[in-house]
Amino acid sequence: MNRELKRVSIVVFLMFLTLFSSATVIQVLQSDNLRNDARNQRTLYDSYKVERGPILVGGSPVAESVPSDDNYMFQRLYSNGTLYAPITGFFPVNGEPTGLEGALNSYLSGTANSQFLDSLERLFTGQERKGAAVSTTIDPVAQQAAWDALGDYTGAVVVTQPKTGRVLAMVSKPDFDPNALAVHDGAIVDETYAALLADPGDPLINRAIGGDMNPPGSVFKLVVVAAALESGKYTPDSEFPNPLTFQLPGTDTVIRNSGGDDCGGGETVTIATALRLSCNVPMAELGIALGDTAIREQAERFGFNTEFDIPLAVEASTYPRGLDDAQTAMSAYGQFDVRATPIQMAMVSAAIANGGMVMNPNLVELITAPNLSPLQTFEASEFQRAISPETAATMTEMMVNGVENGAASNARIDGVSVAGKTGTAENGGDLPYTLWFTGFAPANDPEFAITVLIEDGGGLGQTGYGNLLAAPVAQQVLEAVLNK
Amino acid sequence: MPAVSRSSAQTASNPVRRIRIPQKFRNLELLLLIAACAINAIAIVLVQLGALGHIDTTLIVLGAGLSLLVFGMHVAMRFVARDADPFILPIATVLNGIGIAMIYRIDLAYGDVGWASAAVRQIVWSAMAIIAAIVVIIVIRNHRVLFRYTYVAGFIALALLLLPLVPGLGREVNGARVWIGIGEFATFQPGEIAKIALAVFFAGYLVRNRDSLSMVGTKFLGMRMPRMRDLGPLLVVWAFSMAVIVFQRDLGTALLYFGLFMVMLYVATGRLSWVLLGFSLFLGGALVASQTLDYVNGRFTNWLDAFNPAIYDAPGGSYQLVQGIFGLANGGLLGTGLGQGRPDLTPVPQSDYIIASLGEELGLAGLFAIFALYLLFIARGFRIGFAGQDDFGKLLGVGLAFVVALQCFIVIGGVTRVIPLTGLTTPFLAAGGSSLVANWIVAALLLRLSDTVRNQPRLVVNE
């Protein structure tokens, strides 16, 4: 009997050895994998245990974590959520964070490498882990003004500081409330998110920096004229034939100036007048004369075909390669496959305002650790020189003229000289137009560069145009920030 | 009465020893008991500090009441079981106490208080279980009494198992029909008590029929195979286990009973052929069941492919299993600390999944300690088998210890994904009155057996 008992004892011992092993495998060897499983709510809850750092605008939080009674310990709160949603993004309990919440997640959650020493220190002092605070470059007055001025239009407004590239306002509409996506019930978040995704207005897309980009239309003429002047072959007074219609080379397509306009009515027209009145025919001729390579290289010096991290990801605005003459002609007035984000057009205006130097756009000023020591500061940095100071001065003059006596007249402000350019881009067929304004003020000492984008024709289908709808928005914003 | 004759025999044969030698075992037990109660009190205080942030005396007072009962049992043993094993009672106490602390911790997470609190109910059940253990150790002065009632025990086991199938009395919980209840209250799993009756029955039956089971039979494949007519009991127990799987939908219990029988049969007869035959039968049955019964099939799928999103999200899928594993992983080596993890995220964290809850908050270190306590408890039971002189006592001790071992393996192995998950309670730890009462009675019987082993070295059951 004892022999059998010994064997049974061994079996029992082996059974427990198995349990010891399986527990070791789960709790030690596999624990990191298991912790990283997306379905592991414990890891998610732990990430909330950390008091996530705030996102600040003008020193006050627009996103902050306040204590909550549930499993998550903290509730993310977005004060004035809809106004700042394109900047903050949202931090959901399930799924990826967006906006600055996503781009600076490691800092906000206190896990960035630069915070390592900090967390080591806390290990010994026993303090709770806390995330870093992110101070943005946003000016609350500019943001509010841009928000108000854009009203119910679908579109975006971007205001930047030409000398530094700091983004002072970034509005995108239709809006959404990030608080609705920060609730602690995953099912409700999913439902809200699905509803926002299904919304035909695409409120989750930040139109200021990406999404389904629009053709820039006539605002792109700034790039073409800059290329012409930089080539040394042309001056603002260089003349081009001025017919009412123009047949694109190698095609049956006939183009006209906007509204069948005669562009001053002369036999020929200067580049300055063509830009002031925003005529398509002479621009198409200039484009063909310059060639697509020259235009593209100029566009790229302004930042086209490059992605930027501000640290939100800015999609690259595009000027395509290998165009034939007809395509080049259309691209010269911002059609064909040219696409631009509002922030890219703001960079063009800002570069002209800044003597030709393109500054890297930037949305974040400073990241500070919980103990208030700076973890990262963001200095103004140059992207590259787009045009010479002389060209910039010439273009400024032409843009001022465009507002004072030309196609951008609705951006005029009494007592301030505003430089600007409007755009009305076709989207093909009978789709509503895309309306633009880009410019800066004051023209003699530029403080603000602004770009307004209005999609869906501003509700007017194909009857609206940039000067009618977009220029007044810009005017209203510039007035607000200049009067501050 | 055998009890009377035995004690008089003791006094007559060894009157001096009692006076001179102090009760070494009981003193050691007292020391360990004090340590066990201290650990339990600290566990409850830590839970309160971790989950509440302050100390609440209500539960500590209730726990102290339990400690008094345990000390009462200790005192009773000083009179009726002086030489019983000194480790069994402290181990049962500390496991029971840690279980209460964890159940209480889950209550705090759920916000359950008063009679809704599973911890309060567990304390009341523990009190009843300890009282039952005291009664057993006082009433059963000699385990050989049980040998007389071999077939009565068998009948009781059968009756207890059939009770949940009685209409109006049986209750179905999570698909398994292993509960009885009157009204909304006092639900009870008679199968837990049945395992004790079964162990008594098997021990008695095997001792009576050992010779015919072990000696005769033809050799086949190098093993002596049993005769067809001796196969009867094995087939009956097998059919019985299969019936539990089919009608009560309880895979774990069936495996527990059958495993118990197999091991006792092997220890009694020393024939491996029985074991191989039995396990092929059970595996065959389980295989057929896994193909034909949905719930068995589901258990296997959940086990084999737990992390598959489709199975994870399916109703009755592997969600619970995976959540339990996440909890264990969250605990890591040292655990989150009592009251500081999130065991409440796993379904039924206080009963079937208490091991995952403990693993999360006490870590691998804590689980190793708990496993070691179980091993020690089981080893003390096996010790009776090794040291005992009467075959019935030996078999009973081994059977009772093994049933605890197997139950631990089935439920903990299920939680840690060694075997398919089946619903069984973790002895002493898990919330559930029937399981507590049954395991405390097991402890009392082991104590009684260990006392006899030391007292009557030459006692042999008349065969």
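Chains A and B supply the protein sequences, listed in that same order. Numbering-wise (this note's numbering), the first sequence opens with residue 1 and increments by one. Numbering-wise (this note's numbering), the second sequence opens with residue 485 and increments by one. Glycine residues also receive a C-beta, built at the ideal position from the N, C-alpha and C atoms. Everything numeric in this text was worked out from a predicted model, so none of it was measured.
Asked	Found
Among the candidates Gly823/B, Val806/B, Tyr779/B, whose CA atom is the shortest distance from the CA of alanine 790/B?	Val806/B
Please list the terminal residues of the continuous beta strand (DSSP E) segment that includes glutamate 101/A.	It is not in any beta strand (DSSP E) - glutamate 101/A instead sits in the alpha helix (DSSP H) that spans 99-103.
Can you check whether the C-beta of alanine 560/B is within less than 7 Å of a C-beta belonging to chain A?	no
Apply the 10 Å Cβ neighbour rule to valine 8/A and answer buried if 16 or more other Cβ atoms are within range, or exposed otherwise.	buried
Nearest CA to the CA of asparagine 626/B: which residue from Gly898/B, Gly877/B, Ala889/B, Leu908/B?	Gly877/B
Taking the C-alpha atoms as reference points, what is the distance between threonine 253/A and valine 281/A?	13 Å
Between Val12/A, Arg339/A, Gln476/A, which has its C-alpha nearest glycine 151/A's C-alpha?	Gln476/A
On the three-state DSSP scale, how would you describe valine 450/A?	The sequence shown places isoleucine at residue 450/A, rather than the valine named in the question. Note: isoleucine 450/A maps to strand in three-state DSSP.
Tell me, which residues are paired with tryptophan 436/A by DSSP?	Gly423/A, Leu453/A
Buried or exposed, going by whether 16 or more other CB atoms sit within 10 Å of the CB of histidine 538/B?	exposed
Less than 7 Å between CB atoms is the rule here; does leucine 17/A satisfy it with respect to chain B?	no
Going along the chain, which residues of the region 55-73 of chain A sit with their C-beta nearer than 9 Å to a C-beta in chain B?	Asn71
Taking 7 Å as the CB-CB limit, is alanine 23/A close to chain B?	yes
Quick check: the Cα distance between alanine 299/A and serine 231/A, rounded to an integer number of angstroms?	13 Å
Taking the continuous beta strand (DSSP E) assigned at alanine 169/A, which residues delimit it?	167-173
Take glycine 355/A as the anchor and find which of Glu447/A, Val28/A, Val66/A has the nearest alpha-carbon.	Glu447/A
Taking its Cβ as the centre, do 16 or more other Cβ atoms sit within 10 Å of lysine 508/B, making it buried, or is it exposed?	exposed
Below 7 Å on C-beta distance, what does asparagine 2/A contact in chain B?	Phe870
Considering only residues of the region 546-620 of chain B, which uninterrupted alpha helix (DSSP H) runs meet the minimum length of 4 residues and lie entirely inside it, listed in chain order?	572-594
Which same chain residues, not among the five before or five after alanine 470/A, have their C-beta less than 7 Å away from its C-beta?	Thr422, Leu435, Trp436, Phe437, Val452, Ile454
With H, G and I counted as helix, E and B as strand and the rest as coil, what does DSSP make of isoleucine 622/B?	helix
Return the residues of the region 26-43 of chain A that lie within a Cβ-Cβ distance of less than 9 Å from chain B, sorted by chain order.	Ile26, Gln27, Val28, Gln30, Ser31, Asp32, Asn33, Leu34, Arg35, Asp37, Arg39, Asn40, Gln41, Arg42, Thr43
Classify proline 233/A: buried if its beta carbon has 16 or more other beta carbons within 10 angstroms, exposed otherwise.	According to the sequence shown, residue 233/A is lysine rather than proline. Under this definition lysine 233/A is an exposed residue.
With H, G and I counted as helix, E and B as strand and the rest as coil, what does DSSP make of isoleucine 255/A?	strand
Quick one, which of Asn36/A, Asp46/A, Met347/A has its alpha-carbon nearest alanine 159/A's?	One point to set straight first is that residue 159/A is valine, not alanine, in the sequence displayed. Answer by Cα proximity: Met347/A.
Return the chain-ordered list of same chain residues with a C-beta closer than 7 Å to the C-beta of threonine 391/A, the five sequence neighbours on each side being excluded.	Ala226, Leu229, Glu230, Gly356
Determine whether the Cβ of leucine 5/A lies closer than 7 Å to any Cβ atom of chain B.	yes
Identify the contact partners of serine 9/A in chain B, using a Cβ-Cβ distance below 7 Å as the criterion.	Phe866
Where isoleucine 55/A and phenylalanine 855/B are concerned, what is the direct C-alpha to C-alpha distance, given to the nearest angstrom?	49 Å
Can you tell me whether glycine 464/A is buried or exposed, with buried defined as 16 or more other CB within 10 angstroms of its CB?	buried
Among Asn40/A, Gly457/A, Gly58/A, which has the Cα closest to the Cα of leucine 363/A?	Gly58/A
Rounding to the nearest angstrom, what Cα-Cα distance links leucine 735/B and aspartate 596/B in this structure?	31 Å
Report the partner residues of glycine 155/A according to the DSSP bridge assignment.	Lys173/A, Ile454/A
If you draw a straight line from the C-alpha of methionine 746/B to the C-alpha of glutamate 845/B, how long is it?	36 Å
Check glutamine 824/B in the structure and name its three-state DSSP category.	coil
What are the complete beta strand (DSSP E) segments, minimum 3 residues, inside the region 164-250 of chain A?	167-173, 239-241, 245-247
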